[in-house]
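Asker: One structure follows; several queries about it will come next.
2 protein chains.
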Amino acid sequence: MASAAEAMPDRCADCEIRRVALCGQIDVSALRRLNTLSHTERLRAGSTLLWESESADVVGIVRTGLLKLTASLEDGREQTLGLAFPGDFIGRPFAADMEHSVTAIADSTICTFSRTRFEALAGEVPDLQQALLVRTFKDLDRARRWMLLLGRKSAGERVASLLLETAEANGADPGEPVPLPLSRQQIADVLGLTIETVSRKMHLFARSGVIALPSLRSFTVERPGELARLAA
Amino acid sequence: MASAAEAMPDRCADCEIRRVALCGQIDVSALRRLNTLSHTERLRAGSTLLWESESADVVGIVRTGLLKLTASLEDGREQTLGLAFPGDFIGRPFAADMEHSVTAIADSTICTFSRTRFEALAGEVPDLQQALLVRTFKDLDRARRWMLLLGRKSAGERVASLLLETAEANGADPGEPVPLPLSRQQIADVLGLTIETVSRKMHLFARSGVIALPSLRSFTVERPGELARLAA
DNA sequence: CGAACGATTGAGCTTCGTCAATGTGCGTGG
DNA sequence: CCACGCACATTGACGAAGCTCAATCGTTCG
Numbered sequence: 001m002a003s004a005a006e007a008m009p010d011r012c013a014d015c016e017i018r019r020v021a022l023c024g025q026i027d028v029s030a031l032r033r034l035n036t037l038s039h040t041e042r043l044r045a046g047s048t049l050l051w052e053s054e055s056a057d058v059v060g061i062v063r064t065g066l067l068k069l070t071a072s073l074e075d076g077r078e079q080t081l082g083l084a085f086p087g088d089f090i091g092r093p094f095a096a097d098m099e100h101s102v103t104a105i106a107d108s109t110i111c112t113f114s115r116t117r118f119e120a121l122a123g124e125v126p127d128l129q130q131a132l133l134v135r136t137f138k139d140l141d142r143a144r145r146w147m148l149l150l151g152r153k154s155a156g157e158r159v160a161s162l163l164l165e166t167a168e169a170n171g172a173d174p175g176e177p178v179p180l181p182l183s184r185q186q187i188a189d190v191l192g193l194t195i196e197t198v199s200r201k202m203h204l205f206a207r208s209g210v211i212a213l214p215s216l217r218s219f220t221v222e223r224p225g226e227l228a229r230l231a232a
Numbered sequence: 001m002a003s004a005a006e007a008m009p010d011r012c013a014d015c016e017i018r019r020v021a022l023c024g025q026i027d028v029s030a031l032r033r034l035n036t037l038s039h040t041e042r043l044r045a046g047s048t049l050l051w052e053s054e055s056a057d058v059v060g061i062v063r064t065g066l067l068k069l070t071a072s073l074e075d076g077r078e079q080t081l082g083l084a085f086p087g088d089f090i091g092r093p094f095a096a097d098m099e100h101s102v103t104a105i106a107d108s109t110i111c112t113f114s115r116t117r118f119e120a121l122a123g124e125v126p127d128l129q130q131a132l133l134v135r136t137f138k139d140l141d142r143a144r145r146w147m148l149l150l151g152r153k154s155a156g157e158r159v160a161s162l163l164l165e166t167a168e169a170n171g172a173d174p175g176e177p178v179p180l181p182l183s184r185q186q187i188a189d190v191l192g193l194t195i196e197t198v199s200r201k202m203h204l205f206a207r208s209g210v211i212a213l214p215s216l217r218s219f220t221v222e223r224p225g226e227l228a229r230l231a232a
């Protein structure tokens, strides 16, 4: 298996696929076939892999970095619909047109597949399809949870929710610095706010001692209970 | 096939399942098995089939009526995450806990299955799983499109968007009355607004001649182009 | 007819967006 | 090493959008 990856450095190592994308459920021969279909795509921060309302012929799995899914209105207003971390699946099998753009926030590598070939393989490998279905249900629930935030939470609650979620995703202890992979503008786009409001709320929390802001791209949680209460 | 439905009136007619849920893709024997597993659940408007953050042991397909998916905050604020029309799938195979409630808006009937038995069958019938996957991708894109509305559109744009979408779903011509299945409060919950703001915007549009409001539960589109422009 | 419920309308206020000025960190080139 | 410039972030002043509270209206159902 490793030898295949060495022989074809442009292919994804199948151990990676197995671990990250498919939870070790699919059998080795299908894995081999999946592997020969894959290409590693390198994406610099800021460049876009898939474009809203254009047809896409690739799907993929994020290997490293961070990407955002976004939709825009004609006048330029933009909303981030979700983030894609390593292991997340991107693209739309069984559908030609994208409903959102996929753009790298940090330099990223994506393990890509021809969409039609991936579809064909999925039809032949039920375990692959089931893994994808379970994953898609999770994405759907994540998106819907965010709808509650966008529709009903105040600016302060939104910012607190994001900080809390980021801290938890990092398994950070109180007082320990948590890296913040997003700029203020990107935070605003995720939360449906403006950059100014995000800045004000973060510093409000910092002044009240709930968090600390040691640098622009990190924070610490000083009073976890209070932060959770602020997140509503 | 019809005879099975007659012999067991509590079962869903399989022609219904085939047409509505599975796009005619699954084979007849699997259909039969699916059929013997199904129960028809009748739900009165206002009653809840599945509860947020409780475990659920059923999944199902809406046959008649209309349901809403909702999530709430502790203090009672509620956001509607989506609507389930006839043909829509509800519940979460491969997951025990619900992330949202499912409540009937109108009297409804749902063709339900034991979740675990449905999961087992899905594992055996790849076409069923694929149909479900395609459907789930569509739901995900619908949810994400709504995130753009919740995060970035003004109250007027939200109301116009909902009216436009409702009119289009009904294939209504200009001037023709469109039924509105939601109360003002339910519209507000879908759009992330208050009932007062919804009322004001609707009457604003009516006064300007873009729509007309012949009754509380219907409207007509008088100037489609203008309504589309208002929806942004 | 009256009560109950949902919808409308108005007045005031809060929150958040807008606009503008200022500040801060960082890389580049002198 | 320092100065500069640029991008990003912060802060303040102000206004508008939408929420809250409250009164009224209309409809439906006893």
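So the protein sequences, as listed, match chains A and B. Going by full-length UniProt numbering, 74 is the number at position 74 of the first sequence; the sequence numbering is gapless. Going by full-length UniProt numbering, 108 is the number at position 108 of the second sequence; the sequence numbering is gapless. Cβ atoms here follow ideal geometry from the backbone N, Cα and C, with glycine treated the same way. All values reported here derive from a predicted model rather than from experimental measurement.
Work out the CA separation of Ile211 (chain A) and Ser183 (chain A) for me, nearest whole Å.
Answerer: In the first sequence, residue 183 (chain A) corresponds to position 183, counting from 1. In the first sequence, residue 211 (chain A) corresponds to position 211, counting from 1. If I take the Cα positions, the gap works out to 18 Å.
Asker: Please specify which runs of the alpha helix (DSSP H), each continuous and at least 4 residues long, are wholly inside the region 49-122 of chain B, giving them in chain order.
Answerer: none
Asker: Cα separation between Gln129 (chain B) and Asp97 (chain B)?
Answerer: Here the question's residue 129 (chain B) lines up with position 129 in the second sequence. Here the question's residue 97 (chain B) lines up with position 97 in the second sequence. C-alpha separation (whole angstroms): 20 Å.
Asker: Please state if the CB of Leu66 (chain A) and the CB of Met147 (chain B) are separated by a distance shorter than 9 Å.
Answerer: For this step, residue 147 (chain B) is matched to residue 147 along the second sequence. For this step, residue 66 (chain A) is matched to residue 66 along the first sequence. Their beta carbons are not under 9 Å apart, which means Met147 (chain B) does not touch Leu66 (chain A) by this criterion.
Asker: State the Cα-Cα distance for the pair Val198 (chain B) and Thr136 (chain B), rounded to the nearest angstrom.
Answerer: Translated into the one-based positions of the second sequence, residue 198 (chain B) becomes position 198. Translated into the one-based positions of the second sequence, residue 136 (chain B) becomes position 136. One C-alpha to the other measures close to 30 Å.
Asker: Note down, in chain order, all residues in the region 80-94 of chain A with a beta-carbon under 9 Å from any beta-carbon belonging to chain B.
Answerer: Thr80, Leu81, Gly82, Arg92, Pro93 and Phe94
Asker: Would you say Gly225 (chain B) faces chain A, with C-beta separation under 9 Å as the test?
Answerer: Here residue 225 (chain B) corresponds to residue number 225 of the second sequence, with the count starting at 1. Cβ-Cβ to chain A under 9 Å: no for Gly225 (chain B).
Asker: Can you list, in chain order, the stretches of the beta strand (DSSP E) that have 3 or more residues and sit fully within the UniProt domain "HTH crp-type" (153-225) of chain A?
Answerer: 177-179, 211-215 and 218-221
Asker: If contacts are defined as beta-carbon pairs under 8 Å, then Thr70 (chain A) and Ser101 (chain A) qualify, I think. What distance do you get, rounded to the angstrom?
Answerer: One-based indexing of the first sequence puts residue 70 (chain A) at position 70. One-based indexing of the first sequence puts residue 101 (chain A) at position 101. Indeed, because the Cβ distance is near 5 Å, the residues count as touching under 8 Å.
Asker: Given a limit of 9 Å on CB to CB distance, which residues of the region 135-155 of chain B reach chain A?
Answerer: Thr136, Phe137, Lys138, Asp139, Leu140, Asp141, Arg142, Ala143, Arg144, Arg145, Trp146, Met147, Leu148, Leu149, Leu150, Gly151, Arg152 and Lys153
Asker: Tell me, to the nearest whole angstrom, how far the beta carbon of Ile105 (chain A) is from that of Lys68 (chain A); I am working on the premise that it is less than 8 Å.
Answerer: The residue given as residue 105 (chain A) occupies position 105 in the first sequence. The residue given as residue 68 (chain A) occupies position 68 in the first sequence. Correct: roughly 5 Å between the Cβ atoms.
Asker: Looking only at C-alpha atoms, which of B:Pro214, B:Asp173 and B:Asp189 sits nearest to Gly76 (chain B)?
Answerer: Here the question's residue 76 (chain B) lines up with position 76 in the second sequence. For Gly76 (chain B), the nearest C-alpha among the options comes from B:Asp189.
Asker: Please determine if the region 171-186 of chain A and the region 206-221 of chain A are in contact, where contact requires at least 3 C-beta pairs separated by less than 8 Å.
Answerer: yes
Asker: Under the rule that 16 or more other beta-carbon atoms within 10 Å means buried, what is Glu157 (chain A), buried or exposed?
Answerer: As a position in the first sequence, residue 157 (chain A) is number 157, starting the count at 1. Buried: at least 16 other Cβ atoms inside 10 Å.
Asker: From A:Gln186, A:Ile187 and A:Leu163, pick the residue whose C-alpha is nearest to that of Val178 (chain A); which is it?
Answerer: In the first sequence, residue 178 (chain A) corresponds to position 178, counting from 1. It is A:Leu163 whose Cα lies nearest to the Cα of Val178 (chain A).
Asker: Rounding to the nearest angstrom, what Cα-Cα distance links Glu78 (chain B) and Glu52 (chain B) in this structure?
Answerer: Position 78 of the second sequence, counted from the first residue, corresponds to residue 78 (chain B). Position 52 of the second sequence, counted from the first residue, corresponds to residue 52 (chain B). Looking at the two C-alpha atoms, the distance is approximately 12 Å.
Asker: Can you give the Cα-Cα distance for Lys138 (chain A) and Asp107 (chain B), rounded to whole angstroms?
Answerer: Residue numbering aside, residue 138 (chain A) sits at position 138 when the first sequence is read from its first letter. Residue numbering aside, residue 107 (chain B) sits at position 107 when the second sequence is read from its first letter. If I take the Cα positions, the gap works out to 29 Å.
Asker: Would you report the Cα separation of Trp206 (chain B) and Leu213 (chain B), rounded to the nearest angstrom?
Answerer: Position 206 of the second sequence, counting from 1, holds the residue named residue 206 (chain B). Position 213 of the second sequence, counting from 1, holds the residue named residue 213 (chain B). At residue 206 (chain B) the sequence reads Ala, which differs from the Trp that was named. Distance between the alpha carbons of Ala206 (chain B) and Leu213 (chain B): 7 Å.
Asker: Can you tell me which of the three DSSP states Arg135 (chain A) falls into?
Answerer: In the first sequence, residue 135 (chain A) corresponds to position 135, counting from 1. In this structure, Arg135 (chain A) counts as helix in the three-state DSSP scheme.
Asker: Whose C-beta lies closer than 6 Å to the C-beta of Arg59 (chain B) among residues of the same chain, with five residues either side of it excluded?
Answerer: Position 59 of the second sequence, counting from 1, holds the residue named residue 59 (chain B). Note that residue 59 (chain B) is Val in the sequence shown, not Arg. Answer for Val59 (chain B): Gly91, Pro93, Phe113, Arg115 and Phe118, listed in chain order.
Asker: Run the CB neighbour count on Glu99 (chain A), radius 10 Å, all protein chains shown included, and call it buried at 16 or more, exposed below.
Answerer: Here residue 99 (chain A) refers to the residue found at position 99 of the first sequence. Classification for Glu99 (chain A): buried.
Asker: Please report the straight-line C-alpha distance between Lys201 (chain B) and Ala228 (chain B), rounded to a whole angstrom.
Answerer: As a working mapping, residue 201 (chain B) is identified with position 201 in the second sequence. As a working mapping, residue 228 (chain B) is identified with position 228 in the second sequence. Going from the Cα of Lys201 (chain B) to the Cα of Ala228 (chain B) covers about 15 Å.
Asker: Considering Cα atoms alone, identify which of A:Ala95, A:Thr103 and A:Ser72 is closest to Phe85 (chain A).
Answerer: In the first sequence, residue 85 (chain A) corresponds to position 85, counting from 1. The candidate whose alpha carbon is nearest that of Phe85 (chain A) is A:Thr103.
Asker: DSSP beta-bridge partners for Leu43 (chain B)?
Answerer: As a position in the second sequence, residue 43 (chain B) is number 43, starting the count at 1. Leu43 (chain B) pairs with B:Ser108.
Asker: Considering only the alpha carbon of each residue, which of A:Ala95, A:Leu121 and A:Val62 lies closest to Leu37 (chain A)?
Answerer: As a first step, residue 37 (chain A) is located in the first sequence; it is residue number 37 there, counting from the start. The alpha carbon of Leu37 (chain A) has as its nearest neighbour, out of A:Ala95, A:Leu121 and A:Val62, the alpha carbon of A:Leu121.
Asker: For Leu149 (chain A), count the other beta carbons within 10 Å of its own beta carbon; 16 or more makes it buried, fewer makes it exposed. Which is it?
Answerer: Stepping through the first sequence from its first residue, residue 149 (chain A) is reached at position 149. Label assigned to Leu149 (chain A): buried.
Asker: Let me check understanding here. Comparing Cα to Cα, which of A:Glu54, A:Pro181, A:Leu230 and A:Asp88 lies closest to Ser208 (chain A)?
Answerer: Locating residue 208 (chain A) in the first sequence gives position 208, counting from the first residue. Taking only the C-alpha atoms, the option nearest Ser208 (chain A) is A:Leu230.
Asker: Considering Cα atoms alone, identify which of B:Pro181, B:Ile195 and B:Glu226 is closest to Ser215 (chain B).
Answerer: Counting from one through the second sequence, the residue named residue 215 (chain B) turns up at place 215. Comparing Cα positions, the closest option is B:Pro181.
Asker: With DSSP collapsed to three states, give me the class of Ala143 (chain A).
Answerer: On the first sequence, residue 143 (chain A) is found 143 positions in, with the first residue counted as 1. Ala143 (chain A) sits in a helix when the DSSP states are folded into three classes.
Asker: If you measure beta-carbon to beta-carbon, which residues of the region 158-176 of chain B are closer than 8 Å to chain A?
Answerer: none
Asker: Using a Cβ-Cβ distance cut-off of 9 Å, determine whether Ser208 (chain B) contacts chain A.
Answerer: Stepping through the second sequence from its first residue, residue 208 (chain B) is reached at position 208. At a cut-off of 9 Å between beta-carbon atoms, Ser208 (chain B) makes no contact with chain A.
Asker: For residue 240 (chain B) and Gly192 (chain B), I'd like the C-alpha separation in whole angstroms.
Answerer: Any property of residue 240 (chain B) remains undetermined from this structure, which presents chain B solely from 1 to 232.
Asker: Let me know the secondary structure DSSP gives Ala232 (chain A) once reduced to three states.
Answerer: Your numbering for residue 232 (chain A) matches position 232 in the first sequence. The answer is coil: DSSP assigns Ala232 (chain A) none of H, G, I, E or B.
Asker: Does Leu191 (chain A) come within less than 9 Å of chain B when only Cβ atoms are used?
Answerer: Residue mapping note: residue 191 (chain A) aligns to position 191 of the first sequence, counting from 1. Leu191 (chain A) counts as touching chain B.
Asker: Shorter than 9 Å from the beta carbon of Pro9 (chain A) to some beta carbon of chain B?
Answerer: As a position in the first sequence, residue 9 (chain A) is number 9, starting the count at 1. Residue placement at Pro9 (chain A) is poorly supported in this model, since its pLDDT is 38, which falls under 50; the coordinates still yield a value, given next. Taking Cβ atoms only, chain B never reaches closer than 9 Å to Pro9 (chain A), which makes this a no.
Asker: Give the single residue among B:Ala45, B:Gly46, B:Thr40 and B:Arg44 whose Cα lies nearest to the Cα of Ile61 (chain B).
Answerer: What you label residue 61 (chain B) is simply residue 61 of the second sequence in a count that begins at 1. Closest by alpha carbon: B:Thr40.
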